[in-house]
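Step one of this worksheet: look at the structure below.
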């Protein structure tokens, strides 16, 4: 899974030459064997490296504050979203929905790596949602729809249908 | 007696007893004093009872066994208005609540969904004993009171008759209720959610149904079933006006009409029979017998073992069957117009009932279009697909998809009532007429209220040969439906129809969430009583 994600990320960043990855351990943590130097281990580490390689460091944030927010949400993706037990999915959606209430992108007004990786990570959850649930987590759905249509991001993932108008009466559970 | 003996014995004991003994003695003495006081009080009361000047003005009536024809007019609670002020009247009602305060006793008297406040105060017409008697009456007892209607300065918010109260002069019990009720009426009408916040009790559905007789007395139940009666009446009135004939069909039948799996089998002398899933075959035979337009109101049985919010094993079916000239849409239009007349009638005549139910179960008002919206099954599927639902072209609608489609239609067309036309032939019963343009589809339709199916209907096959083919295709024993097929051999007009579930219409019109709320004595796989 992580490997397909990295190859999609490469294309998204415009890297021409695909890297070769391996995995290590039970949880299949991705490993990138660099031509020069020690191997890089872990999704976020490799992803950040690819961003540097593509010379698109703006994706890691412009200011110190933005960079911190991006790191924070990359960590959230790895620690909370991945391997999340089924009964906690709702909590994640609720948190994210609340956070995104007044934001276009995760870091605020700029598109960053956090948006890409969060989109890849949360896709499997959003795909399963019923329309009523998508409407309940309205901000997540809005952000998700925006990112899946962001040029070059979607790649290996199927598009998720998102209704633009409310179908269920508001306040109804 | 024994206690006194003990006390006597202790008194005889020499001095020098323990502290404990002394205390005991004191306690015994107190007890004896209390007892004496009580007895004195009782004697007092007996004395007082003897000179109770009002003792003919209250009491428990002997059981009404029709001994006498009293020339006494009983006024209904709902008719107690300021126009009746200062009149002396008789009322029969239940005791909804009672509250005694010194020399006064307030009663709330209830008849159906109407309540009025009554007051009994010590004075010229009532004695102390009479007030006490009134205060001790149990809730839900039925009483006759003679009273004077008085206007009140301040509206009585807790009653339906807010402008008057009754000053009681006589009060007689007609039927006494047991002191403990299996459920409290106030708890049973509390809106969902309110109870949780205030820490008050709510009554769950099974308790309600186990004690249905009491639950049916609540304002909500009264309103629901009055409205349901209205649905039936509007259905009849509308169809009779359109020239329909009401028919009665047998409910014990020899063969299942739509698929054999979900029928109840009954033993019928030396053979077995079934309980009718619908009057389908009989209303069609009436069409063949030149009745042209028929309808039928009666019980329908389904042996489906589904415990859902919208399935019952016995419900009331409102069935329509009608011969048409050239296109079955003639019939669809008749049926939808009938439904629209029902909705309009309910809106115009049953506003009080709708409001009453809404107080406990809030819902949006029911919306519909004129003429009724008709969508084809294909269009419906396209709407679902656009919303990201994956399903095959000839699949039947699942319940969640059905509900979702209802929401999509509501959002797009702003209607809670619509027709879905041209269902795939494969998911309909054998007597459904195939679509001439595409044999995979059929001339059949469902009608939906708030996204849930209330009516299933179709053009029927009126050609004996095609009917035989279709029955064989569905693997039905031709022998058992011979009479039915034969009825089409001697000239049968093209016809279509449909069947509506009365309970579902009531439930969905009011926006309720469980069909048991709109069935007076519901039957489901787990409930045969009351």
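Protein chains in written order, with UniProt numbering: chain U, 1 to 173; chain B, 1 to 530.
The C-beta atom is built at its ideal place from N, Cα and C for all residues, glycine as well.
{"Asked": "Closer than 8 Å at the beta carbon, the chain B residues around residue 165/U", "Found": "411"}
{"Asked": "Close-in-space but distant-in-sequence residues of the same chain around residue 139/B (CB under 6 Å, 5 per side omitted)", "Found": "95"}
{"Asked": "Residue 147/B Cβ short of 8 Å to the ligand SAH heavy atom set", "Found": "Ligands are entirely absent from the displayed structure, and the ligand SAH is therefore not among its contents."}
{"Asked": "Burial state of residue 368/B, where buried means 16 or more other Cβ atoms lie within 10 Å", "Found": "buried"}
{"Asked": "Nearest candidate by alpha-carbon position, reference residue 294/B, set 374/B, 120/B, 334/B, 70/B", "Found": "334/B"}
{"Asked": "Residue range of the unbroken alpha helix (DSSP H) whose run includes residue 353/B", "Found": "351-360"}
{"Asked": "CA nearest to the CA of residue 252/B, picked from 352/B, 265/B, 246/B", "Found": "265/B"}
{"Asked": "Under 8 Å from the C-beta of residue 168/U: neighbouring residues of chain B", "Found": "407"}
{"Asked": "Meets three-Cβ-pair contact criterion under 8 Å: the stretch 456-473 of chain B and the stretch 408-417 of chain B", "Found": "no"}
{"Asked": "Exposed unless 16 or more other CB atoms sit within 10 angstroms - verdict on residue 61/B", "Found": "exposed"}
{"Asked": "Any 3 or more C-beta pairs closer than 8 Å across the stretch 147-167 of chain B and the stretch 177-187 of chain B", "Found": "no"}
{"Asked": "Runs of beta strand (DSSP E) wholly within the stretch 292-360 of chain B (minimum 3 residues, chain order)", "Found": "293-301, 314-323"}
{"Asked": "Whole-Å CB distance - residue 457/B paired with residue 278/B, under 8 Å assumed", "Found": "So it is not a contact: roughly 11 Å between Cβ atoms."}
{"Asked": "Contact set for residue 117/U: own chain, Cβ-Cβ below 7 Å, skip 5 residues either direction", "Found": "47, 74, 77"}
{"Asked": "Assigned exposure category for residue 424/B - 16 Cβ within 10 Å defines buried", "Found": "buried"}
{"Asked": "Burial state of residue 111/B, where buried means 16 or more other Cβ atoms lie within 10 Å", "Found": "buried"}
{"Asked": "Extent of the continuous alpha helix (DSSP H) run through residue 507/B", "Found": "502-510"}
{"Asked": "Opening and closing residue of the alpha helix (DSSP H) in which residue 175/U lies", "Found": "Outside the shown range of chain U, which is 1 to 173, sits residue 175/U, and nothing can be said about it."}
{"Asked": "Segment contact, 8 Å Cβ cut-off, at least three pairs: the stretch 517-530 of chain B with the stretch 308-319 of chain B", "Found": "yes"}
{"Asked": "For residue 98/B, the first and last residue of its enclosing beta strand (DSSP E)", "Found": "88-101"}
{"Asked": "Sufficient close CB pairs (3 or more, under 8 Å) joining the stretch 370-385 of chain B to the stretch 336-351 of chain B", "Found": "yes"}
{"Asked": "Which residues DSSP lists as bridging residue 172/B, in chain order", "Found": "59/B, 144/B"}
{"Asked": "C-beta neighbour in chain U for residue 364/B, strict 9 Å", "Found": "yes"}
{"Asked": "Beta-carbon proximity check, residue 222/B vs residue 356/B, cutoff 9 Å", "Found": "yes"}
{"Asked": "Rounded distance between the beta-carbons of residue 142/B and residue 171/B, thought under 8 Å", "Found": "Wrong, their Cβ atoms sit about 12 Å apart, outside the cutoff."}
{"Asked": "Chain B contact for residue 132/U (CB, 9 Å cutoff)", "Found": "yes"}
{"Asked": "Alpha helix (DSSP H) runs wholly inside the stretch 201-232 of chain B, at least 4 long, in chain order", "Found": "205-210, 212-215"}
{"Asked": "Buried versus exposed, by CB contacts within 10 Å (16 or more), residue 35/B", "Found": "exposed"}
{"Asked": "Straight-line gap, residue 198/B to residue 360/B (C-alpha atoms, nearest Å)", "Found": "16 Å"}
{"Asked": "At least three beta-carbon pairs within less than 8 Å, the stretch 108-128 of chain U to the stretch 2-15 of chain U", "Found": "yes"}
{"Asked": "Exposure of residue 58/B, with buried meaning 16 or more beta-carbon neighbours within 10 Å", "Found": "buried"}
{"Asked": "Helix, strand or coil at residue 102/U [DSSP, three-state]", "Found": "helix"}
{"Asked": "Endpoints, the beta strand (DSSP E) within which residue 120/B is located", "Found": "114-121"}
{"Asked": "Under 9 Å by beta carbon: chain B residues contacting residue 161/U", "Found": "385, 386, 387, 388, 389"}
{"Asked": "As assigned by DSSP and simplified to three states, the class of residue 18/B", "Found": "coil"}
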